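Novice:
This is the structure in C-alpha cells:
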C-alpha cells in the first residue's frame, strides 16, 4: 500500500506471480535460492537456474545484482577441520 501511495496512486507493490523463478517488483531478479545465468536476459525462461546446492561446500552470491555481471554466480566454499571457510 505504501508504494501505491508514494507513486501518486498509480502503481506499486510487488509482483506475486513472477514466472521462471524470478522475484521483485518487476520480476527483475532471481528468487532466493536460485542463481542467474548471465548469458540470458532475465526475461528468458531459463535465466534463473535451479536452486543452489545446499550444504557447506557451495554458496551463492547475491541474486539481486540486476546487471547480471556477478548475480548468482556459484562459488565453492571449503571448510577447514576447524570450521573456518575459505573460498576457491
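Numbering (our numbering), first residue to last: 2 to 89. Glycine included, C-beta positions come from ideal geometry on N, C-alpha and C. Note that the structure is a prediction, hence the values are computed from the model and not measured.
#1: Between residue 52 and residue 38, which are expected to be in contact by the criterion C-beta below 8 Å, what is the C-beta distance as a whole number of angstroms?
#2: For residue 44, count neighbouring Cβ atoms within 10 angstroms of its own Cβ and tell me buried if that reaches 16, exposed if not.
#3: For residue 48, does the count of other Cβ atoms within 10 angstroms reach 16, so buried, or fall short, so exposed?
#4: Leaving out five residues on either side along the sequence, give the residues of the same chain with a beta carbon under 7 Å from the beta carbon of residue 46.
Specialist: Reading off the structure:
#1: Contact between residue 52 and residue 38 does not hold, since their C-beta atoms are separated by about 14 Å, which reaches or exceeds 8 Å.
#2: When all chains shown are included, residue 44 counts as exposed.
#3: Its Cβ being crowded by 16 or more others within 10 Å, residue 48 is buried.
#4: Answer for residue 46: 21, listed in chain order.
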